[in-house]
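Written out below as structure tokens is the structure these notes cover.
In this note's numbering, the protein residues as written are 17 to 280.
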């Protein structure tokens, strides 16, 4: 029986509309009562997480920004922040603008968000969000650097970004658009989860992990037991040891109930 549960959120624990069902909450609460740590491992920044905490019972730990932040849900505080050096951010920006014209940037920080002046967001952007050149918006609190291209396919853009700056940062993607997510070199969902598991005295063989997109692959390869959601990207299904039912039918909760012998 697993000693720690690690699950992605979007496309995995959450339904497509971003909700969590009562059944999933019940399963998570039962694991919490049994003393089984549940770690929410996501590419989401902290600022997108506030509405979710109450839905998961206000307990557990969260690894946000693809491993850049460890967040204590119950205490509402950051435990760890693994940032990208400002010089690295600026060098990545210089290389990608030269090598892939049309690339624009956004920054996820420990305390907010910032955009390059030419970044075109999909939705309405608050006027309070800082905009400027990379040199104007980069600081020491960047946990994720986002590169966007409006004319390329997601996988093609990622391959180029990895080729040009993969020696400087860790790159991945999880979006339907050409949006590459970059963390400090060596920082991934898996590396931060491994560090957290070590703190909790849990071996990789005793971890069960769930995911659906390429940014989950390292985590699924590291965990002793791994589940790709039925709705997962083909590259994710290829590396997981098992397949869970789709996210929209509570695939994570159903699988956990079976693993831990919970009644439905």
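Where a beta carbon is used, it is the ideal one built from N, C-alpha and C, also for glycine.
Contact annotation, residue 195 with residue 154: C-beta distance approximately 18 angstroms; criterion of less than 8 angstroms not satisfied. The Cβ atoms of residue 145 and residue 163 do not sit closer than 8 angstroms to each other.
Taking C-beta atoms under 8 angstroms as the contact rule, residue 209 and residue 79 qualify, at a distance of about 6 angstroms.
The residue among 24, 123 and 148 with its C-alpha nearest the C-alpha of residue 231 is 24. Taken through DSSP and simplified to helix, strand or coil, residue 100 comes out as coil. Residue 277 has its alpha-carbon roughly 14 angstroms from the corresponding atom of residue 45. In this structure, DSSP gives residue 246 a state outside helix and strand, which the three-state scheme calls coil. Judged by DSSP secondary structure, residue 270 falls within the alpha helix (DSSP H) whose first and last residues are 267-276. From the listed residues 98, 19, 82 and 56, the smallest Cα separation to residue 191 is found for 82.
Assignment of residue 132 by DSSP, reduced to helix, strand and coil, places it in the strand class. Residue 263 is not a Cβ neighbour of residue 235, given a cutoff of 8 angstroms.
If only complete runs of 4 or more residues are kept, the region 176-262 shows the alpha helix (DSSP H) at 205-216, 233-238 and 250-255, in order along the chain.
By the CB criterion at 8 angstroms, residue 119 and residue 110 fall outside the cutoff. Proximity of the region 255-272 to the region 30-47 meets the contact definition, three or more beta-carbon pairs being nearer than 8 angstroms.
Residue 104 is a Cβ neighbour of residue 184, given a cutoff of 8 angstroms. Closest by C-alpha distance to residue 97, out of 204, 239, 226 and 269, is 204. For residue 40, the enclosing alpha helix (DSSP H) begins and ends at 38-49. Annotation: the continuous beta strand (DSSP E) that includes residue 124 extends over 120-125. Per the C-alpha coordinates, the member of 206, 214, 251 and 172 positioned closest to residue 57 is 206.
A straight-line Cα-Cα distance of about 12 angstroms links residue 63 and residue 87. For residue 154, the three-state secondary structure derived from DSSP is coil.
The Cβ atoms of residue 76 and residue 55 sit closer than 8 angstroms to each other.
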